[in-house]
Amino acid sequence: MTERDATRAVELRVIDERLHEWGLPRYQTEMAAGIDLHACIDTPLTLQPQAPAVLIPSGIALLMNDPYMAAVLLARSGLGHKKGLILGQSVGLIDADYADQIYISAWLRTPPGSAPLVIEPGDRVAQLVFVPILRPALRVVEAFSSETGRGLGGFGSTGYGSAATRSPASK
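Numbering-wise (numbering that gives the first Met the number 0), the sequence shown opens with residue 0 and increments by one.
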């Protein structure tokens, strides 16, 4: 941990004591961006393809208590890509003032008829990444004070495909 990280201490409260056996959430490598979260369930959980999302307790609560910090829940790449496990809301946002247990909303995106996924107690099922937050003051205006090259261009307005072969003008 660097000195810079130490000034941003986050309190972690263990709710499920089994985490002491399985391993507290931690960075798996020196350069890992996220910490893995365990499925703190009592019995195996079978997820059926395309079934409604379920809430999986993580066994921890955090107190960031810093308006310029938040945490995001992300799917673990291996489970998402290889097994089809994704988060119920794609990305979960944990606000700095939320201090209760973190739950992982998850479902199985594989087609109906595919094999179910069984999550065992203690499996690492998601990752948590801490992110800085900007909180700008919003100023209501009648018109913007300057223009951009893009202007009001929305979806697809900057082109598609290779920049060398397709441009907005060639649509």
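Even glycine gets a Cβ: it sits at the ideal position worked out from N, Cα and C.
| task | Out of Leu36, Gly79, Glu29 and Gln27, state which residue places its alpha-carbon closest to the alpha-carbon of Val13. | result | Of all alpha-carbon atoms in Leu36, Gly79, Glu29 and Gln27, the one lying nearest the alpha-carbon of Val13 is that of Leu36.
| How about Val18 and Ile59: are their beta carbons less than 8 Å apart? | One detail in the question is off: residue 18 reads as Leu in this sequence, not Val. Going by C-beta atoms, Leu18 is nearer than 8 Å to Ile59.
| request: Return yes when the Cβ of Gly87 is within less than 8 Å of the Cβ of Ala52, no when it is not. | output: In this structure, Gly87 lies closer than 8 Å to Ala52 by Cβ.
| request: With a 10 Å radius around its C-beta and 16 neighbouring C-beta atoms as the bar for buried, classify Ala74 as buried or exposed. | output: Counting other Cβ atoms within 10 Å of its Cβ, Ala74 reaches 16 or more and is therefore classed as buried.
| Beta-carbon separation of Ala69 and Ile132 under 8 Å? | The criterion of a C-beta distance shorter than 8 Å is satisfied by Ala69 and Ile132.
| field | For Glu20, three-class secondary structure by DSSP | value | Here Glu20 sits in helix by DSSP.
| query | So is Met63 buried or exposed if we call it buried at 16+ other beta carbons inside 10 Å? | reply | Here Met63 is buried, its C-beta having at least 16 other C-beta atoms within 10 Å.
| query | Since Pro120 and Ala50 are thought to touch, with beta carbons under 8 Å apart, how far apart are those beta carbons, to the nearest angstrom? | reply | The beta-carbon separation of Pro120 and Ala50, rounded to 20 Å, does not stay under the 8 Å limit for a contact.
| Between the Cα of Gln126 and the Cα atoms of Pro135, Arg149, Ser89 and Ala136, which residue gives the shortest distance? | Distance from the Cα of Gln126 is smallest, within the candidate group Pro135, Arg149, Ser89 and Ala136, for Ser89.
| query | For Ser144, which of helix, strand or coil comes out of DSSP? | reply | Ser144 falls in the coil class under three-state DSSP.
| said: From the DSSP secondary-structure annotation, give me the bridge partner or partners of Met68. | reply: Residue pairing for Met68: DSSP places it in a beta bridge opposite Pro131.
| request: To the nearest angstrom, report how far apart Arg149 and Pro48 are at their CA atoms. | output: Approximately 41 Å between the Cα atoms of the pair.
| field | Counterpart residues of Arg12 in DSSP-defined beta bridges | value | Ala60.
| query | What residue range is occupied by the uninterrupted beta strand (DSSP E) comprising Val117? | reply | Element bounds for Val117: Leu116 to Ile118.
| Considering only residues of the same chain and omitting the five flanking positions on each side of Gln27, which have a CB-CB separation below 7 Å? | Within the same chain, Gln27 has close Cβ partners Asp35.
| What residue range is occupied by the uninterrupted beta strand (DSSP E) comprising Gln100? | Gln100 -> beta strand (DSSP E) spans Gln100 to Leu107.
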